[in-house]
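Undergrad:
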Amino acid sequence: MLHSVPAEALRLLFRQAVVTVCPSVGEGFDFSGVEAMRCGGVVAASDIPDGYVAVDTVR
Numbered sequence: 067m068l069h070s071v072p073a074e075a076l077r078l079l080f081r082q083a084v085v086t087v088c089p090s091v092g093e094g095f096d097f098s099g100v101e102a103m104r105c106g107g108v109v110a111a112s113d114i115p116d117g118y119v120a121v122d123t124v125r
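All residue numbers for the sequence shown refer to the working numbering, where the first residue is 67 and numbers rise by one.
Shown next, in the form of structure tokens:
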């Protein structure tokens, strides 16, 4: 959905968003959550092991 958004505009969207939601019922983590965290945005993600690894990597 946001593939055509330029990188700088996408960073601004992640930074200014109230929250980026990354739900998952199985293995895997949505890369948009990592991008949002790197931009200083707030992320709400599923409580799964892959999510812990992604959060620890970004910190």
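Glycine residues also receive a C-beta, built at the ideal position from the N, C-alpha and C atoms.
#1: Going by DSSP, what residue range makes up the alpha helix (DSSP H) through VAL85?
#2: Near VAL85, which residues of its chain fall below 6 Å by C-beta distance, leaving aside the five closest residues on each side in sequence?
#3: If we ignore side chains and look at the alpha-carbon of each, how far apart do VAL87 and GLY99 end up?
#4: Taking the alpha helix (DSSP H) that VAL71 belongs to, which residues open and close that run?
#5: Identify whether VAL136 lies in helix, strand or coil by the three-state DSSP scheme.
TA: According to the data block:
#1: Neither: VAL85 is in no alpha helix (DSSP H) and is coded neither H nor E.
#2: Around VAL85: VAL108 and ALA110.
#3: A straight-line Cα-Cα distance of about 7 Å links VAL87 and GLY99.
#4: Premise fails: VAL71 is in no alpha helix (DSSP H) and is neither H nor E.
#5: Residue 136 cannot be examined here, being either before or after the span of the chain that is shown, 67 to 125.
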